[in-house]
Each structure stands twice: as structure tokens, then as C-alpha cells.
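Undergrad:
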Amino acid sequence: MRKHVTILLLLTLACLIGATPGLSEPDAAHQWPTIELYTTAWCPYCLKAKAFFDERNIPYIVYDIEKSPEAAAKKEQLAPGTGVPVVVIDDIVICGYSKKAFISALELDE
Numbered sequence: 035m036r037k038h039v040t041i042l043l044l045l046t047l048a049c050l051i052g053a054t055p056g057l058s059e060p061d062a063a064h065q066w067p068t069i070e071l072y073t074t075a076w077c078p079y080c081l082k083a084k085a086f087f088d089e090r091n092i093p094y095i096v097y098d099i100e101k102s103p104e105a106a107a108k109k110e111q112l113a114p115g116t117g118v119p120v121v122v123i124d125d126i127v128i129c130g131y132s133k134k135a136f137i138s139a140l141e142l143d144e
């Protein structure tokens, strides 16, 4: 009997933890603009840019310019001669990691 109660409690706890809102799901109440990140796997500032959006549950699309010739060409068209990351928020092109620029482009109150 005690074993059954323990199992029931563990299952209930697992369900409650799994139902916690906002941990990894995008904020459905907010209509975010389209966000594109042009990155490489080894770039530390690319990781910082991803973390910025992840911490705020803001959805984005990642394009690795070393794995996709199309992504590399698009990045070069958007920001010729620059490094990564290149972040596009709607029509705003941000070269490099800039928390201040991300906040401004997204009109966040931080």
C-alpha cells in the first residue's frame, strides 16, 4: 500500500512539473516579430544571442552559415563583410551581440 501511495505522489509531482508554464514554450500571449540568427557553432557571441532570446522565451530561427551555403549568402547580403552573429528582427539588422539593440528592436521594458 505504501509503495502505491509513493508511486502516486511521484506521478502527481511529475505531472505538475511538466505543466509549469513558460519554462521552454514561447510566450503565446505576445506576438513576437520574426527573428533570424545567422551564426556558427563556435561563436561565443552567437551563444550569448541565443541565450538572450531563450531566457525570455522568445522564438527565433537559427541559420548556421558554415552548414548552409544559402544561409551564408543571405547573411552576406544582409550584412556584407561582417562577422557573426547577425540578428534580424523584422527588418532591423543587428551585427554582433548587442543586448541594448535587441531590447530596442523588440520594444522590451527592461
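According to this note's numbering, the residues represented by the sequence shown are 35 to 144, in order. All C-beta atoms in this analysis are idealised placements derived from N, C-alpha and C, irrespective of residue type, glycine included.
For TRP66 and VAL127, what's the separation of their Cα atoms in angstroms?
TA: Looking at the two C-alpha atoms, the distance is approximately 16 Å.
Undergrad: By Cβ distance below 8 Å, which residues in the same chain neighbour ILE95 in space, the five residues on each side in sequence not counted?
TA: Cβ neighbours of ILE95 beyond the five flanking positions: THR68, ILE69, GLU70 and LEU71.
Undergrad: With 9 Å as the threshold, decide whether the Cβ of ALA63 is near any Cβ in chain B.
TA: The structure shown has no chain B; it contains just one protein chain.
Undergrad: My guess is that ILE99 and VAL118 are in contact by the Cβ rule of under 8 Å, so how many angstroms apart are they, rounded?
TA: So it is a contact: roughly 7 Å between Cβ atoms.
Undergrad: Determine the direct distance from the alpha carbon of ALA63 to that of ALA75, and round the result to whole angstroms.
TA: Each residue's Cα considered, the two are about 31 Å apart.
Undergrad: As a quick exercise: from ALA106, PRO103, TYR131 and GLU110, pick the residue whose alpha carbon is nearest that of CYS77.
TA: Residue TYR131 is the option with its Cα nearest to CYS77.
Undergrad: Helix, strand or coil for ILE137, going by three-state DSSP, please let me know.
TA: Correct three-state label for ILE137: helix.
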